[in-house]
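Enquirer: For the sequence shown, my numbering assigns the number 9 to the initial residue and increments by one for each residue that follows.
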Amino acid sequence: MKLTHLRRALVPGLAALTLVLTACGSDDDGDTGSGSGSDDTASLSGTLAAGGASSQQAAQEAWIAGFTAVAPDVTVTYDPIGSGGGRENFISAAFPFAGSDSYLTDDEGELTAATERCGGEAPIELPNYVSPIAVIFNIDGVDELNLSPDTLAGIFAGKITKWDDKAIAADNPDAKLPSAPIDAVHRSDESGTTGNFTNYLSTVASDAWDAGEIEIWPKSYGGQGAQGTSGVVDAVKGGTNSIGYADASQAGGLGVANIGVGDEFVGPTAEAAAKILEVSPEAEGATDTALIFDLDYNTTESGTYPIVLTSYLLACQSYSGDEAEAGELTKAYLGYIVSEDGQAFGAEEAGSAPLSADLSEKVQGIIDGITIE
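Given below as structure tokens:
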């Protein structure tokens with residue numbers, strides 16, 4: 009069974025999202041407590057500026073809504089500039105933490121640079137967000153759509169160009185498919201979502217999708233380009249007989265396709281997306297402070313949705329000097345995100361799949377271990 013790792017990057021392009029947050033409390037020794045709050049939470053104050061993966065935008069809004077009542081004297085800004093921008097700003101120390109749709113590797117020296125940025129200690133890398141990448145559609149007369157991997161790959165590779173193509177009809181024998189051109193919408197910017205989506209296609213349908221795992225759409229495959237997740241959603245919504253891909257939390261009420269897994273077609277629910285982590289191994293570079301996974305896109309496990317976006321939180325193991333205050337707030341905020349309350353609120357408001365209890369406990373333990381000097 010082929011296992012693949014995630015390499016994704018987004019570039020700046022969305023407006024900064026300013027989020028007024030409350031932070032968790034401080035322990036007697038000055039370290040910030042984790043979880044959903046403590047008696048000392050109200051004593052925290054200051055500004056925490058961070059950002060990264062735009063896929064986390066909806067979830068960040070949900071976490072903010074659940075976190076605001078705890079300590080209103082902390083202002084946090086999360087700028088959804090994309091995974092690449094988030095990693096760059098974390099490595100340069102412009103951000104004390106970042107959201108990324110990929111774990112760090114040294115393919116481009118990022119892991120080494122992040123280790124240097126964190127004073128010689130490897131950065132912590134923690135899964136905080138699991139969400140399906142939905143195949144969104146707006147097709148005249150079609151309310152439900154099934155797509156096998158090869159058919160999906162053929163559509164986005166520009167090899168299947170009409171909705172009544174025999175391959176689509178075979179997946180949807182009871183649907184009234186229009187004899188109309190397919191308007192396939194993709195990201196025009198360098199995109200982590202595109203990286204995940206094409207990683208899936210190249211793994212499960214390499215004959216139909218021969219461009220490999222890419223973050224910039226190949227012009228030769230045609231289709232309509234749109235900037236950012238919101239741009240793809242708007243283009244599909246405003247298009248005619250259109251199809252695209254986007255984080256499911258931002259699908260905007262559009263139709264979402266069921267994807268072929270084994271002998272069934274599975275929809276992009278949070279529960280189905282969460283299952284893929286259960287059947288996927290940790291990545292080769294996983295450590296006690298880096299909980300990173302290689303997703304098994306070839307799984308045939310019943311009820312598992314295979315096109316998944318797993319986002320990570322990147323932070324340092326310790327903060328000192330000029331970064332001590334930001335580190336204290338970072339520890340508090342990250343502790344809330346992965347707490348039971350934070351994960352439940354993200355699931356309810358943004359459709360993210362909560363981490364398993366076992367994984368949440370491991371993640372929380374790493375955050376609790378962040379030291380402030």
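A virtual CB, placed ideally from N, CA and C, is assigned to each residue, including glycine.
#1: Counting beta carbon pairs with one atom in the region 320-329 and one in the region 89-108, are three or more of them shorter than 8 Å?
#2: Compute the distance between the beta-carbons of L56 and L337, then report whether it is under 8 Å.
#3: Anyone know if the C-beta pair for S63 and T237 falls short of 8 Å?
#4: From T201 to G377, what distance separates their C-alpha atoms?
#5: Taking only the alpha-carbon atoms, compute the straight-line gap between W171 and Y86 and give it to the nearest angstrom.
#6: Please classify K170: does DSSP put it in a helix, a strand, or coil?
#7: Between the C-alpha atoms of G311 and P181, what's the straight-line distance to the nearest angstrom?
#8: What are the uninterrupted segments assigned as beta strand (DSSP E) that are 3 or more residues long and contained completely in the region 227-288, given in chain order?
#9: Going by beta-carbon coordinates alone, are L185 and G268 separated by less than 8 Å?
#10: Verify whether the separation of the beta carbon atoms of A219 and Y229 is less than 8 Å.
#11: Tell me whether A219 sits in a helix, a strand or coil according to DSSP, three-state version.
#12: Can you round the beta-carbon distance between E198 and S210 to whole angstroms, since I take them to be within the 8 Å contact cut?
#13: Short of 7 Å in beta carbon distance, which residues of its chain neighbour T169, apart from the five on each side in sequence? Order them along the chain.
#14: Can you name the start and end residues of the alpha helix (DSSP H) that F98 belongs to?
#15: So what's Y313 in DSSP terms, helix, strand or just coil?
#16: Quick check on the DSSP output: what are the complete alpha helix (DSSP H) runs of length 4 or more inside the region 148-194, in order along the chain?
#17: Taking F1 as the reference, which of A175, S257, P140 has the closest Cα?
#18: With DSSP run on the structure shown, which of helix, strand or coil describes F8?
#19: Given this structure, state the Cα-to-Cα distance separating D47 from A130, to the nearest angstrom.
Expert: Taking the definition as stated:
#1: yes
#2: yes
#3: yes
#4: 31 Å
#5: 40 Å
#6: strand
#7: 22 Å
#8: 232-234, 250-255, 266-269, 272-274
#9: no
#10: yes
#11: coil
#12: That pair is no contact at about 17 Å.
#13: P189, I190
#14: 91-99
#15: coil
#16: 157-164, 174-179
#17: Summary: the structure shown does not reach residue 1, with the chain confined to residues 9 through 381, and so no result is reported for it.
#18: The structure shown has nothing for residue 8, since the chain only spans 9 to 381.
#19: A caution first: D47 carries a pLDDT of 49, below 50, which makes its placement in the model unreliable, though a value can still be read off. Using only the alpha carbons, I get a separation of about 32 Å.
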